[in-house]
Each structure stands twice: as C-alpha cells, then as structure tokens.
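Undergrad: Numbering (this note's numbering), first residue to last: 165 to 247.
Don't be surprised by glycine CBs; every beta carbon is placed ideally from N, CA and C.
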Ligand SMILES: [Zn+2]
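1) Sort out for me which residues DSSP pairs residue 169 with in a bridge.
2) Need the endpoints of the beta strand (DSSP E) that residue 189 sits in, please.
3) For residue 168 and residue 194, I'd like the C-alpha separation in whole angstroms.
4) Per DSSP, what are the beta-bridge partners of residue 228 in this structure?
5) Could you give the distance in angstroms between the alpha-carbon of residue 229 and the alpha-carbon of residue 203?
6) Using the three-state DSSP reduction, which class does residue 244 fall into: helix, strand or coil?
7) How many angstroms separate the CA atom of residue 196 from the CA atom of residue 225?
8) Classify residue 213: buried if its beta carbon has 16 or more other beta carbons within 10 angstroms, exposed otherwise.
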C-alpha cells in the first residue's frame, strides 16, 4: 500500500506509523474519557486515520482509506484537518 504524503509524494506504507481512527476528539472533562481512550468504531468502508511519516517528513497525516479494499482517497496534514 502506498500513501500520498503532501510533502514527500507517494510513499510506501512501511515508512509510516499507524495511530488509528482520526475521529475521536479528546473530551474537556473526565466525562466520556473512557470511551475516548478505549472504544473505537470499526467501519467497513472509507475511514479517516492518523498516520505518522516516521521515515520521511515526520508529519502527522489524516489519510482517508477504504478499510475493505485499502484504496487511499487522499491525505492532508493533521494539524490543518477539520474533524
Ligand atoms: Zn512525508
């Protein structure tokens, strides 16, 4: 699988570290913190995920990928990505 880094171009997925679902947002209070840390959706289809380009530009990306086919639809820098 190849991932389109906005800085480095298409690169092999082995250069990246997978963090997981990009959807959860850290709650401001302890209410809902358990769900934030431990509970994840497991969708079959397009999903926004956090990937770290450890062997490249060292930026966090939000990659949109189909979990069934591994087709990658695009990637943006995580710091500028809206939820
Ligand atoms: Zn990169």
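TA: Quick answer:
1) 173
2) Premise fails: residue 189 is in no beta strand (DSSP E) and is neither H nor E.
3) 36 angstroms
4) 212, 238
5) 20 angstroms
6) helix
7) 25 angstroms
8) buried
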